[in-house]
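Taken in order, the sequence shown gives residues 7 to 304; the numbers are from this note's numbering.
For every residue, glycine included, the Cβ atom is placed at its ideal position computed from N, Cα and C.
Note that the coordinates shown come from a computational prediction; the quantities given were computed from them, not determined experimentally.
The structure under discussion appears below in the form of structure tokens.
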Amino acid sequence: MTDRLETMSIFVCVVDEGSLTAGARALAMPIATVSRRISELEDKLGAELLLRSPRGLTLTDTGQTYIAACRRILEEVAEAERNASGEFTAPRGTLTMTAPIVFGRLHVLPVVTAFLKGFPDIDIRLELTDRPVNLHEEHLDLAVRIGPLSDSVFIARKVGDVRRIICASPAYLAKHDPPKNPGDLAKLDAITFQSLLPPQNWQFDSEQPQKIMPMRARLIVNTAEAAIDAAIDGLGFTRVLSYQAAEAIKAGKLVPLLQEFEPAAWPVHLLYEPRALTPQKLRAFLDFAVPRIGTGFA
7 MTDRLETMSI FVCVVDEGSL TAGARALAMP IATVSRRISE LEDKLGAELL
57 LRSPRGLTLT DTGQTYIAAC RRILEEVAEA ERNASGEFTA PRGTLTMTAP
107 IVFGRLHVLP VVTAFLKGFP DIDIRLELTD RPVNLHEEHL DLAVRIGPLS
157 DSVFIARKVG DVRRIICASP AYLAKHDPPK NPGDLAKLDA ITFQSLLPPQ
207 NWQFDSEQPQ KIMPMRARLI VNTAEAAIDA AIDGLGFTRV LSYQAAEAIK
257 AGKLVPLLQE FEPAAWPVHL LYEPRALTPQ KLRAFLDFAV PRIGTGFA
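This is the structure we're talking about:
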């Protein structure tokens with residue numbers, strides 16, 4: 007087991023340094039030894055991890071997955087050793103996390119930068135993406151999720167709620183009668199954001215919950231920013247998440263509509279895998295982020 011952990015450490019160092027020569031120098035080991043250990047590792051795994059060329063090393067797809075697992079294992083071993091010895095140390099290591107693009111830029115990134123200023127021994131790799139991400143398969147420590155959660159083995163820390171709102175520009179509303187109920191929307195022009203809801207049918211809560219209304223979409227887009235820009239330009243009304251339109255509403259460029267008919271708010275959670283020993287870096291971030299991320303986006 008010790009040899010395996012040592013080989014993982016060698017592999018990580020070589021990748022971080024960018025070449026076998028630089029890795030051997032950083033490890034104070036003969037380059038022949040480093041090269042042999044990497045080759046033996048690839049033989050043992052039955053897979054190529056590194057592509058070698060005069061320009062340096064490139065990880066294969068298998069290598070990218072394996073090095074993420076190595077980093078996690080090595081950090082967990084170091085964490086276990088620190089706790090077992092009773093040594094008091096500051097949280098350290100690299101925290102990997104993901105968040106939706108717009109929410110991440112507006113509400114996660116500011117918390118991340120503030121956190122990093124207070125924890126100099128922690129680095130963060132933040133991936134902003136709207137695609138579904140599997141924490142276990144992609145070796146991520148933490149994910150920000152918006153919406154109802156399916157049953158899973160992950161631990162969820164709720165940080166707030168977001169609403170699904172309908173809005174239009176003052177200029178558009180000056181030319182059309184503002185809707186008084188969801189049925190009035192059928193007479194107006196819709197701009198739909200297909201990643202959020204089916205383009206032609208929207209759900210509303212009212213005295214008859216989960217009412218579904220057909221919409222006439224004049225424009226269908228795949229990002230919230232595009233839907234908001236088109237609404238500001240006076241093309242029609244749109245439905246987005248409350249934090250996505252908050253700035254435009256505050257500036258008076260958009261006006262919320264039919265707020266009394268809004269469906270139930272969607273929760274925002276921080277998700278992470280349950281472990282026998284939660285890394286200090288993750289505990290530190292959760293304690294810092296939970297009370298901060300949830301402010302100002304509902």
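- Using a 10 angstroms sphere on the CB of residue 56, the tally of other CB atoms reaches 16 or more, which defines it as buried.
- If you look at residue 164, you'll find it in the beta strand (DSSP E) that goes 161–168.
- At a Cβ-Cβ threshold of 8 Å, residue 122 and residue 11 do not count as neighbours.
- DSSP, read as helix, strand or coil, puts residue 275 in strand.
- In the structure shown, residue 99 adopts extended strand secondary structure according to DSSP, grouped into three states.
- In this structure, residue 100 sits near residue 77, with a CB-CB distance shorter than 8 Å.
- It is roughly 22 Å from the alpha-carbon of residue 242 to the alpha-carbon of residue 168.
- Residue 160 holds the alpha-carbon nearest to the alpha-carbon of residue 140 among 129, 154, 160.
- Annotation for residue 32: the continuous alpha helix (DSSP H) segment containing it runs 26–33.
- Of the candidates 268, 134, 285, 285 places its Cα closest to the Cα of residue 147.
- With respect to residue 226, residue 198 sits close: the two C-beta atoms are nearer than 8 Å.
- A direct Cα-to-Cα measurement between residue 113 and residue 164 gives close to 14 Å.
- Excluding sequence positions up to five before and after residue 268, its CB lies within less than 7 Å of the CB of 169, 170, 171, 211, all in the same chain and listed in chain order.
- Residue 60 counts as exposed, since fewer than 16 other C-beta atoms from the protein chains shown sit within 10 angstroms of its C-beta.
- Judged by DSSP secondary structure, residue 262 falls within the beta strand (DSSP E) whose first and last residues are 261–263.
- Assigned with DSSP and collapsed to three states, residue 133 falls in strand.
- Judged by pairs of C-beta atoms under 8 Å, the region 172–182 does not touch the region 275–283, as fewer than three such pairs exist.
- Taking 8 Å as the cut-off, the Cβ atoms of residue 271 and residue 246 do not count as close.
- In the DSSP assignment, residue 58 falls within the unbroken beta strand (DSSP E) covering 56–59.
- The criterion of a C-beta distance shorter than 8 Å is satisfied by residue 32 and residue 23.
- Residue nearest to residue 294 within the set 125, 135, 186, 27 is 125 (criterion: CA-CA distance).
- Nearest C-alpha to residue 64 among 47, 27, 21: 21.
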